[in-house]
Structures are given as C-alpha cells and as structure tokens.
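Note sheet for the following structure.
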Amino acid sequence: MQDPLQPRRLAWIETFRRRSSLDLLSGWHRRGDHQQRSALADPWGGIHRPDWAERGLLIWPRGGVWLTIEQLIRWPSHWNQSPHQQERLVLSWWADEVRVWVDDVLVHSGDLFDTRCRWVLPERWRSGSGLRVRLELRSPCHDDGALISSRLVREPRNPQVDPDGCLLPEALDLQQLRQSSIPESWLDCAPDSSRAAALVQAHLAEQASASGVVHWVGHAHLDLAWLWPVADTWQAAERTFQSALALMERWPDLHFAHSTPALYAWMAQHRPALFARIQDASRKGRWEPINGPWVETDCVLISTASLWRQFDRGQHFSRQQFPEWRHDLAWLPDSFGFAAGLPAVANATGVQWFCTHKLAWNATNAFPHRLFRWRGRGSAEVMALMLPGIGTDADPVAMDSEQLKFQQSTGIDRALWLPGVGDHGGGPTAEMLEQLQLWQHHPQAAARDGGTVRGFLQHLEPLREGLPVWRDELYLELHRGCATSRPDQKRHNRTLERLLREADLVAALLGREGQDWAWSVLLFHQFHDILPGTAIPEVFDQAEPQWRAARRAAAAARDAGLRHLLGAETAGHGGGSSCPRRWAWCALQPLPLWSPLVRLPRGHWCSAGRQLPVQVAAAGGVWVQLPVVDGVSAVPLERSDHGADPGQIATAVRDPVGVTAREDGGWRLGNARLTIEVGPEGLIALGDAEGRSHLAAPLRLSRYRDHGEFWDAWDLAADYRTHPLPMPERWQVELQDSGPLVGRVTLRGQFGNSRLRLDVLLAADAPFVELRLSVQWRQSHEVLRLECPLQNPAVRWASDTSGGVIERPAKLHTPMEKARWEVPVISWLASVPAAPGGGLAVLLDGPQGADASPDHLGVSLLRGPTWPDPSADAGWHRQRIALMPLAEGWMRNGVPQAAIRFREPGWHGPVDLKHVRQGLPAVPGGLIPLAIKPSTDALSLVIQLLNPGAQRLHWQLTEDWAVPDGTNRIELRPGELREVRLVRQSS
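981 is the number that our numbering gives to position 981 of the sequence shown; each next residue is one higher, with no gaps.
Have a look at this one:
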C-alpha cells in the first residue's frame, strides 16, 4: 500500500534540491523571438512525442533540423553568494551536433555521444548583468531532438569544505537510495529554510557511512565505424588517446582501459610516438589494454574459423605489444548477441573472462545474471560479467545506484563503473574527474576506488565455484534484423572467408606463409556495425574496394599455389583451340566423400583414361560428372573437341536425374535420393528415397511490411507477420536443363517494384535440391522470406553457430524462448521430428535470419531499411539455398559436411595434372574441418577441428601423417574445438 504522505515527501525533497540546483528548461526561448516565449511550451512536442513531453523535455523535429535557443542567466535571488562555492551550467541532450555559446564565446560542443556538459561559470556571472547563453542544437536524421535537462548547480570549491551545504541535496538523494523515506516531522518545516538544511545535516550525521565500493576505470567505447566513416575513427582514436594520457598527468587516480588491437596496430604504424607513450603508460599500470579479439567483432554471423582467428590474432598482438599484462579477457560490450560456441573459442586462445553490456538492451526479458559462469558444450567455460553502462559520467547517484544493484544481484558490495564519453571515443573528461573527486570521501557515497578492470576481476575470481552456470547462447532480444540487412556485406564476408581458408590450405601444403593482409581486411570488416549492415553508406562505399581487393589477393594466392603444388604454372593447349586441354578439379576440404559435378567449357572430357558423363548446359558449356574422391584431392581432366577416344572406357552416370512433365505445365525431377515437383505454384513437393513427403504445402516465398522500428537497419518488426503483402499466386515456369546430370526449372514473377527469378536444380548423385534466387529488389521497409511447411512436425531444430551447433525447441514455452522468434544462422538449419526420419535441412550459402516452429522452417532473405543507409538493400541480389531430406537426423546424415560441400564445391582450372593426387586424408563423417593453416615448419601444418555432435569422434590418420608424438589417432569429445598439428611422414 502506498504511503499517503509520499507525494508530500517527494515535493519536499524536490523543493529542497533548489538550494543547489535550479532548473532552466522553461527559460529557453527561440533566438529572434522578441516576446521570449518559452520554447518548452511549443505544442509540437506534445503532439508528436507525447512520451517525451510527459517527461518535460524540450523537443523539436528530426531530420538534421537546427534549433537555436537562448536565455539570460542571472544569479538566483534565493542563493547566497559565498567564496567557498562555484557554479556550473549542467546540460544534457539528444542531438546530432551541439554548440554552447556564452556571451558569443564557444565554451562547449557535443554530439549524439558526448551528450553532457558541466561547465564552470566565470566569476563575472555573479554580477547583476548575468550571462547570455545560446544553444545551437541539430536534431538527428533518424530521430527527433531533445534538450533533456538544463540546470544551474552549485558545489564547494574544496570537497572537504562545504559550509554552505551545497552537497546536502545530493547527499540526501544518496541516503534515499538506502533509506527510502524522510522523517514525517520534516514536512512541517519549509524545505527552503535554514532550519530544513540543519535538519538534513543532523539527520545525515546520524547515519552510518555508506558501505560498498565503486571501482572506477576510465573508458572510451569507440566503434570502428557507424555514423561516421572509418577514416574518422582514426582521428577520434588519436584525440581520445592523447586526452587520456594528458589527464593521467593531472589525475594520479586515473586508470584508462581501451580495447581493439586493430586500433593499437594502426597507432603503432601511423602514430608511433603516441603508441610509444601508450606502451609506457601500460608498463606503469595506468593504461590497460582490454582486448580479446582483433576488433569488437560480430559474434553470431561469422564462421567458427573467423571467430577463432579474431581471438587468436588479437591475443597474439596483445601479448607481443603489452607483455606486462595477463591477456585472458574478451571485452565485447556492444556486439549484438553471442553464440553458444564462444566459450570454446575463447578457451582455445587462452581467454578466461568475458565482459559485455549489451544484454542490458533486452527488449522483453531482463537477463537474470550480472556475474556467472558461461559454459559451452563440453568443458569450455568462461567467467562472464555483465558490465554497467558504457558512455557514462560521474554522477554520484547513478554510481551508487549501480553499486547497490550489483550488490543486490550478486551479493558483492564492490561494483565496476566506467566513466567516459563513448561510441565515438572521447573517454573521461576533467569535468567527470572533478565530480568524482567531489564525492571521493563523502560519508553518504560509497567509496570510490580508481583501478584497473583486471584488478576488479581479481576480486571476483575466488567466487567462481559459487556462481550460477549459464548453458546457452547469450541471445540479444533486439536487433533481429542484423542477419538479413545489407546482404552484400554478408556475401563479401562468406566469399572472403572461403578464399582465405583455401589459400591457407594451399600455403600449408606448400610450407609457405598465409595471406596476412587479406585476413586483416576480413577481420576488420567483421566489426559489429559493418558486417551486420548498420552503418552509414560511406562506410560500405569505402569497404567495397577493400573487400574486392582482398578477394582478388586471396584468389590469386590460392590459384598460383595450386598450380605450383600440382606441378605446372599453365596447362597445355591442344588442337589450336583457345581453351586449355588439361584441367584439374581440386577438393579443398578434407571431407570423406566428394561427388563433384562442375560446369566446364564445351567439349568431351575424360579423367585418367575414362570418358566422363557430359550434358550440354542451357546456360553455356557442359555439365561434367567427375570421379568420386575423398580428402583434399586433385582430379586430372582432359578436354577434346574431336569426340571421345574409342579406346577410352565410358563412365556411367552415377544416380542420374530423370525429368517428366506434369499436366499443369510443371515438371517432376528425381534421382535415386529424392524427388521434386515444380509447377506454377512453385516447388510443390519434395520426397526422399523412401517415398516420404517433406513439404506439407508448396514452398512459400512470402513478403511482409517491416516498418516502425526505431533501430531501422537493426530491428525486424515484431509484428511483421500481421502485415502480409501480395505475392504472385502463379509463376512462369520454364524447363532449362533436362538431365541426366542436371535438371533445372526456372520460375519467374514480379511483386511490388521488384522482379524475381528462382532456379530449381537437381543434380545427379546429389542429396539436396538447390534453389538459386535472383531478385531485383526495390522495396523499402519490407521483408522477403522463404518458408518451408513441414510435413513431419518438429520437436526441436538445430543450426550451426559461431563456435558450434545449437539445438532449440520448436514449440516455444518460456518467455525467453518466445523472445527468440528470429535467430541468426550461418550455413544450415534442420528440423528434428519426434521419431527418427522425416527431418528437413536447409543449407545456406551465407548467414541469414531464420525461425522455426513445429510446422515450418523459415529464412529471411531481404529487407529494406532506410536508416542509417537510405538504400541499404536495394539492387540485384543472388542467393543460394538447398533443401535436404533427412532419414536419420542432422548429425547421422552429415548435414554440417553437406553444408560445406554446398558452400565450397571445390576449385577447377587449367592445370597440367596427369594423375589423381591427395594432399590430406579425409576426416571422419561428422567431424568439421574449420581451417588448415601453415605451421612453423615446412613438414607440418595446423588443422582446426570441431565435433558438433553428442558422441566422441575419432580420426585415424593415414600413414602419411601423424601428430607430433608419433601417433596417428585423434579423439574429440562432444562439442570440442581443437587445434592439432599434423606432421608429414613422407614427402
């Protein structure tokens, strides 16, 4: 029951605050308004932003609109002047750019990230003439602007000497955090009287000193790109680092922590003198590198190999450049969720601590822990800390509130605080440090203890055994559109990931070094506002040539290495033809089974004296079915324009494709593994070798309105399914290829302002049907989805994720499960029915947003956000998807390896190879080869492996390879990630 006196108590406290704080918000008027009408009374805010107006904010329209307001500030008549005190102008805003002028002199500037000031007023303001203050504020492009607060405050010049009681109101606020009510007898005393001040002072003197400690560390969160281009980031970093070093000279308690090895590497190369000063401050323990991965990377859209490389490269740089620190910390305060496999990757690179703040952004369910052990599959585990807010100031009430909340959540009376302007850098300011000093030894404030992040974590490490254990992904209940926005960035990422894996494999087999520069490009652009597609267009315009240059460099290195490895730089030409006669196809992943089908130039093809099955391709060239191989292997190919050699043995087609017509103008395609039916309604049916149907209805391409979210490029509208948009009911159908190697049917249609083409391909000896989608996308604030109605209801569904595989329930029960209505998937997802058999896998050629229920699997293909990039997804897009029926489940049917074959179908090109060659033996079915890298010597290489399943897996090496101890058997526990060095036993 509410205390009936509570309203009076609150009013009394509010009036008492006026002893030291005066609200100026109603005094602002627009410049040039001779009537000086209050800008706060403008009805625009109440009409368009009633929620903000209710909070008393001064509001003006979005879109980069400038607001210029001013007022004459004079000494308040109820304040006594004293030589022991000083006054400040305290402002906070939500604006893209801010300039504060006093008597036509610029005294402060800020923006969306530097959102506060505490400017000390000059002595002359105490005279009768006062100060003329002018604010120039520009609203954000994506949101309305607001002047949140503007106050005059007074405080003692010396924190230890406060004869005027300037700190009494805030001291009372601090006491209220621990004791929520004031004595009833105070209500009969005028709150602005000297007697009220005496009552408060006597009351506070009777209270015990505040318990607890606020462990503060200066910090500056700096996004490598977001609402500014990368070039601006380097300048912001330089300013931030110089400012932090200068403040250290003035404030001996200041310790400064900063992340991102990529930033430090840039400083080392381009600002060596500044980097030397940073290293010197680091050796003195004042500057703390809190690194982990190379950049503050996205952690749900990149492959396990990339995440591993992010950590490995970041850790290597940190240990090399800052050897005085223990590097076992991953600092990722702002990434948009964290995959369940991250603890395994972290452990593999020596990381034992994980720190983030982002889960505090959950829109639905508050994350239940502030301090816990995060455990992945198997034994991988990190200590995890949910950080306080980043980009904060030194407000004493906010600091003590955080200390009390952390203590309430964890039982620990020592809390971390990170003062410093953030997002666009900046770091701690002199104003913040002065405010910290003001409350350093105040009895109503928790103790302030300046130190390091690692120093704070050391206090927590002995508590490990008693902490709760979290055995799940760290899903962010927000920003669900990031897996779908800007598909061009995902395409570049997945292509460069593949090219670098292939180039590293070839370099390892040759005993050479890998592609360092191209890896730098990839890792940098996996930053959590670039790869998700949530930055301004200039960021992507500048990224485009870097992506392309890195792809060309990686492909060139791979191709040159393969030609050297296979024994020739060029292939021979024959018969005067411009097309080389000798070619090779190479499997560049050590998988247990390759059944290659490639499109090659027209002609007759053979391999090792055997004629190969050939089919003329409607799109040009010929389809050729190659011999079955395993492991990392190369198959020789020979082309002839003059027909097959009569002495060669013809090879029969393995598992040929048959095509028959349907009465509705569609087609039925089948091989020994599956059958599909395609008609004007689309992909109508999908059956497996046992005759089981896997689609309850035709495959659906659906379109919905996706509008109304504040974080446009980040967020998929939660109600999008309630706003369907029309799609073609019937498609134009055309048979392109009719077997026996490939059957291909093309569907065409239009919707809105966009055009779509869907090629449905079934290949000989293939366990899946491939869908090739080409869209001229011209829609805004819409989402295009592919949805597979399941014939066999799912009880669970699985998908790959960074660092492993995760299974989720198909029917959502708990609030947290229901909040995961769209999740990121990297390369595959699969339904798991109640009984064995009847599951369906969807293979992807890059990360996408996905969802599932007992009756469907869905993939979000394209969106149309307009902020911060007005034309983010517009243009031509090509995507590949495959549907794979499962007889025994995703693990037994080898879905993870099938996804690799789908995304990485091998390399082919002109090479004078005469015999089949094997570079590496095949891993067993179920095991995932993540990366193969050069080792420290030419006779060995390093392979990274993942066991995604629930059983132990063993790899029996061939006699050509062994691990360093001489054995040839490798065992991986369920969920285990491992890096193994293989030594070549023969040349």
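Even glycine gets a Cβ: it sits at the ideal position worked out from N, Cα and C.
Taking Trp186 as the reference, give the member of Leu57, His203, Gly130 with the closest Cα.
-> Residue numbering aside, residue 186 sits at position 186 when the sequence shown is read from its first letter. Ranked by Cα distance from Trp186, the first of Leu57, His203, Gly130 is His203.
Please confirm if the segment 163-170 is in contact with the segment 7-27, defined as three or more CB-CB distances below 8 Å between the two stretches.
-> In the pairwise beta carbon analysis, the segment 163-170 is classified as touching the segment 7-27: at least three pairs are separated by under 8 Å.
Under 8 Å by Cβ, that's how I've got Gly839 and Ser831 pegged, so tell me the actual separation to the nearest angstrom.
-> The residue labelled residue 839 in the question sits at position 839 within the sequence shown. The residue labelled residue 831 in the question sits at position 831 within the sequence shown. The pair is a contact, with the Cβ atoms about 5 Å apart (cut-off 8 Å).
Between Gln81 and Gly212, is the Cβ-Cβ spacing less than 9 Å?
-> As a working mapping, residue 81 is identified with position 81 in the sequence shown. As a working mapping, residue 212 is identified with position 212 in the sequence shown. No, they are not a contact pair.
Which word fits Gly561, buried or exposed, when buried means at least 16 other C-beta atoms lie within 10 angstroms of its C-beta?
-> Within the sequence shown, the letter at position 561 stands for residue 561. Looking at its Cβ environment, which holds 16 or more other Cβ atoms inside 10 Å, Gly561 is buried.
State the beta-bridge partners of Cys141 as determined by DSSP.
-> The count along the sequence shown starts at 1 and reaches residue 141 at position 141. Answer is none; Cys141 lacks a bridge partner.
By Cβ distance, which residues of its chain are closer than 7 Å to Arg602, with the 5 residues on each side in sequence left out?
-> One-based indexing of the sequence shown puts residue 602 at position 602. Excluding sequence neighbours, Arg602 sits near Gly621, Val622.
Should Glu184 be labelled buried (16 or more other beta-carbon atoms within 10 Å of its own) or exposed?
-> Along the sequence shown, read from residue 1 onward, the residue named residue 184 stands at position 184. Under this definition Glu184 is an exposed residue.
Are Arg373 and Met386 touching if we call contact CB-CB under 9 Å?
-> Reading the sequence shown from its first residue, position 373 is the one you call residue 373. Reading the sequence shown from its first residue, position 386 is the one you call residue 386. Contact: no.
3-residue-minimum beta strand (DSSP E) runs that sit fully inside the segment 838-892, ordered along the chain | Those beta strand (DSSP E) runs which fall completely within the segment 838-892 and span 3+ residues are 839-844, 848-853, 856-862, 875-886.
Given a cut-off of 9 Å, decide if Arg375 and Pro323 are closer than it, judged by their beta-carbon atoms.
-> To locate residue 323, count along the sequence shown from 1; it is residue 323. To locate residue 375, count along the sequence shown from 1; it is residue 375. Going by C-beta atoms, Pro323 is not nearer than 9 Å to Arg375.
Would you mind working out which of Glu729, Gln791, Leu674 sits nearest Leu697, comparing C-alpha positions?
-> Here the question's residue 697 lines up with position 697 in the sequence shown. Note that residue 697 is Ala in the sequence shown, not Leu. The candidate whose alpha carbon is nearest that of Ala697 is Gln791.
Of the listed residues Leu600, Ala503, Trp585, nearest to Glu513 (C-alpha basis) = Locating residue 513 in the sequence shown gives position 513, where the first residue counts as 1. When only C-alpha atoms are compared, the closest one is Ala503.
Sub-9 Å separation of Asp42 and Ile59 beta-carbons = Along the sequence shown, one-based indexing puts residue 42 at 42. Along the sequence shown, one-based indexing puts residue 59 at 59. By the CB criterion at 9 Å, Asp42 and Ile59 fall inside the cutoff.
Would you report the Cα separation of Arg917 and Ala587, rounded to the nearest angstrom?
-> Numbered from 1 along the sequence shown, position 917 holds the residue referred to as residue 917. Numbered from 1 along the sequence shown, position 587 holds the residue referred to as residue 587. If I take the Cα positions, the gap works out to 10 Å.
Contacting residues, own chain, Cβ-Cβ under 8 Å from Asp143 (five flanking each side not counted) | As a working mapping, residue 143 is identified with position 143 in the sequence shown. Closer than 8 Å at Cβ, skipping near neighbours: Arg62, Trp94, Phe710.
Rounded to a whole number of angstroms, what is the C-alpha to C-alpha distance between Ala339 and Asn347?
-> Indexing the sequence shown from 1 puts residue 339 at position 339. Indexing the sequence shown from 1 puts residue 347 at position 347. About 14 Å.
Buried or exposed: Pro272, going by 16 or more other Cβ atoms within 10 Å of its Cβ?
-> Working through the sequence shown from its first residue, we reach residue 272 at position 272. Burial state of Pro272 is exposed, judged by a 10 Å Cβ sphere holding fewer than 16 other Cβ atoms.
Do Gln779 and Leu862 have their C-beta atoms within less than 9 Å of each other?
-> Residue numbering aside, residue 779 sits at position 779 when the sequence shown is read from its first letter. Residue numbering aside, residue 862 sits at position 862 when the sequence shown is read from its first letter. A contact, by the Cβ cut-off of 9 Å.
Cβ-Cβ distance between Glu381 and Leu332 below 9 Å | Taking the sequence shown and counting its residues from 1, the one referred to as residue 381 is at position 381. Taking the sequence shown and counting its residues from 1, the one referred to as residue 332 is at position 332. No; because the gap between Cβ atoms is not below 9 Å, this pair is not in contact.
Excluding sequence positions up to five away, which residues of its chain have a Cβ less than 7 Å from the Cβ of Arg151?
-> Taking the first residue of the sequence shown as 1, we reach residue 151 at position 151. Excluding positions up to five away in sequence, the list reads Ser21, Leu22, Asp23, Leu24, Val90.
Arg978: which of Asp192, Trp797, Gly350 sits nearest, CA to CA?
-> If you number the sequence shown from 1, residue 978 lands on position 978. Arg978 has its Cα closest to that of Gly350, out of Asp192, Trp797, Gly350.
Buried versus exposed call for Gln269 [16 or more other C-beta atoms within 10 Å across all chains shown] = Position 269 of the sequence shown, counted from the start, is the residue given in the question as residue 269. So Gln269 counts as exposed.
If you compare alpha carbons, which of Trp519, Gln951, Leu10, Pro740 is closest to Leu927?
-> Numbered from its first residue, the sequence shown carries residue 927 at position 927. Measuring from the Cα of Leu927, the nearest candidate turns out to be Gln951.
Based on the DSSP output, what are the partners of Thr392 in its beta bridges?
-> Your numbering for residue 392 matches position 392 in the sequence shown. Note: Thr392 sits in a beta bridge opposite Pro419.
Quick one: Cα of Val1013 to Cα of Cys482, how far?
-> Absent from the model: residue 1013. The displayed extent of the chain is 1 to 987, so no value can be given.
For Thr364, is the classification buried or exposed, using 16 other Cβ atoms within 10 angstroms of its Cβ as the cut-off for buried?
-> Here the question's residue 364 lines up with position 364 in the sequence shown. Exposed, since its Cβ has fewer than 16 Cβ neighbours within 10 Å.
Can you tell me the Cβ-Cβ gap for Ala326 and Arg118, rounded? I've got them flagged as a contact below 8 Å.
-> Here residue 326 corresponds to residue number 326 of the sequence shown, with the count starting at 1. Here residue 118 corresponds to residue number 118 of the sequence shown, with the count starting at 1. The sequence shown places Arg at residue 326, not Ala. No, Arg326 and Arg118 are not in contact; Cβ-Cβ is about 36 Å, not under 8 Å.
Do Val783 and Gly864 have their C-beta atoms within less than 9 Å of each other?
-> One-based indexing of the sequence shown puts residue 783 at position 783. One-based indexing of the sequence shown puts residue 864 at position 864. Yes, they are a contact pair.
Is Ala661 helix, strand or coil by DSSP?
-> Position 661 of the sequence shown, counted from the first residue, corresponds to residue 661. If DSSP states are grouped into helix, strand and coil, Ala661 belongs with the strands.
Skipping 5 residues on each side, what residues in its chain have a beta carbon closer than 6 Å to that of Ile649?
-> Sequence index remark: in the sequence shown, residue 649 carries index 649 (1-based). Excluding residues within five positions, the ones whose Cβ falls inside 6 Å are Arg610.
In the segment 90-172, which residue ranges form an unbroken alpha helix (DSSP H) of at least 4 residues, counting only runs that do not cross its ends?
-> none
Along the chain, where does the beta strand (DSSP E) that runs through Pro361 open and close?
-> Position 361 of the sequence shown, counted from the first residue, corresponds to residue 361. Correcting the residue type first, residue 361 is Trp in the shown sequence and not Pro. Premise fails: Trp361 is in no beta strand (DSSP E) and is neither H nor E.
How is Ala236 classed by DSSP in three states: helix, strand or coil?
-> For the purposes of this step, residue 236 is taken as the residue at position 236 of the sequence shown. Ala236: helix per DSSP, three-state reduction.
Candidates Gln242, Leu301, Met816: which alpha carbon is nearest Ile278's?
-> Stepping through the sequence shown from its first residue, residue 278 is reached at position 278. Comparing Cα positions, the closest option is Gln242.
Taking the alpha-carbon positions, what's the Ala852 to Leu463 distance?
-> As a position in the sequence shown, residue 852 is number 852, starting the count at 1. As a position in the sequence shown, residue 463 is number 463, starting the count at 1. Their backbone Cα atoms lie some 39 Å apart in a straight line.
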